[in-house]
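The structure under discussion appears below in the form of structure tokens.
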Amino acid sequence: MPHRYDCPLRWADLNAAGHVDHCVVVDYLQEARVELLTSQPAPLGVMLDEGVLVTAHHVEYLEQVFAGPVPLRIDLWVDQVGGARFSISYRLSDVSGPEPRLVARARTFLVSYDLRAGAMRRLTAEERQQLTAMAEPPVELSPLPRPGVLPADAHRASARTRWSEMDVYGHVNNVKFFDYVSEARNLLLAAVTGLDPAAPGTPEVGWVVARQDLDYLLPIDFRRAPYEVRTAVEQVGRSSARLAAEIVDPDDGRRFARAVSVVVRVDPGTGRSTPWTDDERTALGR
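Take the sequence shown: its position 217, counting from 1, is numbered 216 in numbering that gives the first Met the number 0, and each next residue is one higher.
So, in structure tokens, the structure goes:
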């Protein structure tokens with residue numbers, strides 16, 4: 000049976016378009032996941048103290064979420080258990096109306112980690128038993144291709160870390176990787192289409208993120224020098240576009256994460272998709 004977590008919403012969770020930002024949804028996943036693990040008896044209940052790392056997130060955004068007094072309902076469960084790895088599925092529902100409204104679904108992939116040794120470790124028999132007891136089939140997500148090799152002329156944006164972004168393990172929290180990718184993607188889309196949802200006034204059109212996968216390759220440490228996010232458009236549809244991104248060290252080329260996302264052009268007044276103009280489609284395809 001899935002674990003249920005009622006996630007409080009904050010006004011600070013809203014973006015320039017007036018709804019909960021897609022990056023904040025990933026933060027909700029983290030809150031629910033921490034609640035699931037820490038609510039269990041030992042050894043699972045203290046597993047976060049020993050070390051658990053996120054290796055990937057797959058997120059599908061179905062409808063917009065708005066702030067209000069009613070918490071967002073998150074049902075989550077373990078969906079796969081391996082030797083050192085396990086994964087969790089989620090369904091997020093808005094229950095503020097007469098009927099629950101499914102707004103997002105996702106999967107998180109994790110690995111058990113030995114903080115003292117600085118290395119991945121195998122799950123203990125007790126941990127595996129507890130995780131397996133909660134296992135159910137994974138949530139179904141729309142398929143998304145893995146990101147391809149970025150071209151040499153990919154868009155480049157600086158990403159400077161903030162001290163508040165560090166987690167208890169001393170690295171940038173996994174949620175904040177989505178912020179870096181989002182900021183770079185918005186800069187690219189605004190530059191090539193002229194659509195900027197954050198610009199003063201209400202834009203006649205904008206875009207929303209419909210689907211996003213992110214793989215974590217290396218931890219990001221706090222430093223004064225900025226990292227870099229490289230982004231490129233991989234495919235353009237009638238009203239959507241698929242983009243690939245990498246977070247890298249511009250000095251030595253190390254890759255910290257790679258991501259692929261699908262954005263959909265929408266009419267903010269109706270929330271419905273609307274086709275790219277010919278000029279926008281041409282600009283995105285360059």
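Every residue gets a Cβ at the ideal spot worked out from N, C-alpha and C, and that includes glycine.
Query: Have a look at residue 165 and residue 73 and give me their C-alpha separation to the nearest angstrom.; Result: 25 Å
Query: Counting only runs of 3+ residues fully inside the stretch 154 to 199, write out the beta strand (DSSP E) ranges in chain order.; Result: 154 to 158
Query: CB residue 149 to CB residue 241, shorter than 9 Å?; Result: no
Query: Cα separation between residue 87 and residue 48?; Result: 19 Å
Query: Give me the residue from 283, 105, 98, 125 with the minimum Cα distance to residue 139.; Result: 105
Query: Can you find at least 3 beta carbon pairs, one from the stretch 174 to 193 and one from the stretch 232 to 252, that sit closer than 8 Å?; Result: yes
Query: Which of the three DSSP states, helix, strand or coil, is assigned to residue 119?; Result: strand
Query: Name the DSSP beta bridge partners of residue 245, please?; Result: 229, 257
Query: If residue 80 and residue 131 are in contact, beta carbons under 8 Å, what's the gap, nearest whole angstrom?; Result: 5 Å
Query: Quick one, which of 167, 231, 127 has its alpha-carbon nearest residue 286's?; Result: The structure shown does not extend to residue 286, since the chain is modelled only from 0 to 285, so the question has no answer here.
Query: Which same chain residues end up closer than 8 Å to residue 363 when comparing Cβ atoms and leaving out the 5 residues on each side of it in sequence?; Result: Because the chain in this structure spans residues 0 to 285, residue 363 falls outside the shown range and cannot be described.
Query: Roughly how many angstroms lie between the CA atoms of residue 122 and residue 285, to the nearest whole one?; Result: 47 Å
Query: If you count every other CB in all the chains shown that lies within 10 Å of the CB of residue 93, and 16 or more means buried, which is it?; Result: buried
Query: Taking just the CA atoms, how far does residue 60 sit from residue 39?; Result: 29 Å
Query: Check residue 80 in the structure and name its three-state DSSP category.; Result: strand
Query: Where do the ends of the alpha helix (DSSP H) carrying residue 29 lie?; Result: 21 to 37
Query: Using the Cβ count rule (16 or more neighbours within 10 Å means buried), how would you classify residue 211?; Result: buried
Query: Under 9 Å, do residue 58 and residue 35 count as touching if we go by C-beta distance?; Result: no
Query: To the nearest angstrom, report how far apart residue 216 and residue 209 are at their CA atoms.; Result: 23 Å
Query: Between 102, 236, 50, which lies nearest to residue 65 when the distance is taken from Cα to Cα?; Result: 102
Query: Is residue 240 helix, strand or coil by DSSP?; Result: strand
Query: So, helix, strand or coil for residue 127, using DSSP?; Result: helix
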